[in-house]
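Each remark here refers to the structure printed beneath this line.
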Amino acid sequence: MDPQSPLTPILIPESARMSPCRTAASFSTQNLMPAPQVTASAWSIINVETGEFLWAKNGDTTNDIASLTKMMTCYVVKQCIKQNLCTEEDIVIVPKEATQLGGTTAYLKTNDQLKVIDLLYGMMLPSGNDAAYALADYCGGLILADLRINKQKSKYNNDTYFVKQMNVACRKLGLKTTRFLNPHGLSHLGNTSTVIEISKLGAILIKKPLVARIVSQVKYSCEVRNKGACRKLTWCNTNLLLGQTGVTGLKTGQTNTAGPCLCASYNIYGYNLVITILKCRSPEKRWSEVIRLMSWAVNQLDIICQKLTDKKIRIRNLSNLMNTYD
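Taking our numbering, I'd label the letters of the sequence shown as residues 10 to 335.
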């Protein structure tokens, strides 16, 4: 392993134990198998049940996060629904600005009318920058309207106020280094975070039933209305790991500055994990590297269980999961 990029040691308090091991203990990396060599400049593995990180490489290094930004956009929209500012069934009219962004798209047109829930799928599956902006503009406007009802003034536009709420949410969730300047993640030096904080956000999101349902879908179709006409849109998930053993979802990302990124959630062999990797060497590498890290993490946790319980185990051979992407 690169001496300049040390692996953060594992520390497992009782609160972070995942079944079947329950005894409090801590282990240094000397007790465990070496981490696999990967091209990702940073990665982390998080316990979904507690939000505590298990392992990380360059875990506190700040990086551009590309479309992983949309995970926080999704979180803030979900909070708007929770606070009764909107519902999943609200109809959103797509503004012209949303259709002019470029990059990955949900193929929306100016004045398209579709539901909030449809836009969430359009943002999280094909990674539509247009869908992300439309949601930010709509929900930001609702939050601002709520402020005006309470006789508070604001100098922000709808979308910029939404981004402000994304940053407020970061502070509330304890994501101290994460910062956003837009809701979609197109190359922008201000949309930055760390692998540990992105994994923490992923662990929070995947526990929300609505979000878990969205990010687990391989494909989604909806009807869109525009000036009396109706058309059908079908979106495919950019997360090619869906369908692999234990994969439950989350988000991909890629820009020139961020490189290929992936935040993936797993529920496998009794372990509920989120793995995030940033800046892989190629888009293809991120699939096999996440699977290798997942396989390694499962074996690490099994070894820890063996140390705690004296239970004999065999090292799991999960290499067959990688054949598609090597």
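Even for Gly, the Cβ is constructed at its ideal location relative to N, Cα and C.
Three-state class that DSSP yields for residue i in the structure shown
i	result
Q174	helix
D139	helix
G97	Sequence check: residue 97 is Glu here, not Gly. In the structure shown, E97 sits in coil (DSSP, three-state: anything other than H, G, I, E or B).
G211	helix
V256	strand
G268	strand
Q88	helix
Q122	strand
D73	strand
V220	helix
L184	coil
T285	strand
Y130	helix
C246	It is worth fixing the name first, because residue 246 is Asn in this sequence and not Cys. Residue state, collapsed to three classes: coil.
S50	coil
Q263	strand
E106	helix
V57	coil
L63	strand
T113	coil
R290	coil
Distance between residue j and residue i (C-alpha atoms, nearest Å)
i	j	result
S196	V85	21 Å
G112	A141	12 Å
D168	N308	44 Å
T285	L110	26 Å
T32	G131	Note that T32 has pLDDT 28, beneath the 50 cutoff, so the model's placement of it is unreliable and the number below is only indicative. Straight-line Cα distance between these residues: approximately 43 Å.
N176	T187	8 Å
W296	G268	14 Å
Q315	I213	29 Å
N235	G149	22 Å
W52	Q226	24 Å
A221	I215	5 Å
Y116	P104	13 Å
N276	R157	44 Å
V57	W244	27 Å
A178	C270	22 Å
Nearest to residue i (by Cα), restricted to the options the options
i	options	result
L251	Q263, V224 and Y147	V224
T201	E58, T71 and T59	T71
A145	N56, L287, R234 and Y165	Y165
Y229	K105, L134 and I100	L134
E106	K118, C95 and E98	K118
Q46	T264, W305, C314 and R234	W305
C95	C272, L151, E232 and T247	L151
C289	G262, E232 and G279	G262
T340	N120, I100 and E98	Outside the modelled stretch of the chain, which goes from 10 to 335, sits residue 340, for which no answer is possible.
E98	N248, C231 and T254	C231
T264	P292, Y278 and G255	P292
G137	Y280, T247, T266 and I300	T247
R301	N93, G279 and Q253	Q253
N93	T114, G60, D155 and A143	D155
Supposed contact pair residue j and residue i - C-beta distance, whole angstroms, cut 8 Å
i	j	result
L4	I54	In the structure as shown, the chain begins at 10 and stops at 335. Residue 4 is therefore absent and cannot be evaluated.
L182	Y170	Wrong, their Cβ atoms sit about 19 Å apart, outside the cutoff.
M80	G211	7 Å
I312	L123	Not confirmed; about 49 Å, so no contact.
T48	E298	7 Å
R82	P192	Residue identity check: residue 82 is Thr in the sequence provided, not Arg. Yes, they are in contact, since the Cβ atoms of T82 and P192 sit about 5 Å apart, within 8 Å.
I205	C272	I205 to C272, Cβ: 11 Å. No contact.
L190	V172	7 Å
D73	T266	4 Å
**OP:** State whether the segment 236–243 contacts the segment 88–99, with contact taken as three or more CB pairs (one from each stretch) at a distance under 8 Å.
**Re:** no
Original post:
Any chance the segment 120–139 sits against the segment 55–69, with 3 or more Cβ pairs inside 8 Å?
Top reply: Look at the beta carbons and you see the segment 120–139 not touching the segment 55–69: under three pairs across the two are nearer than 8 Å.
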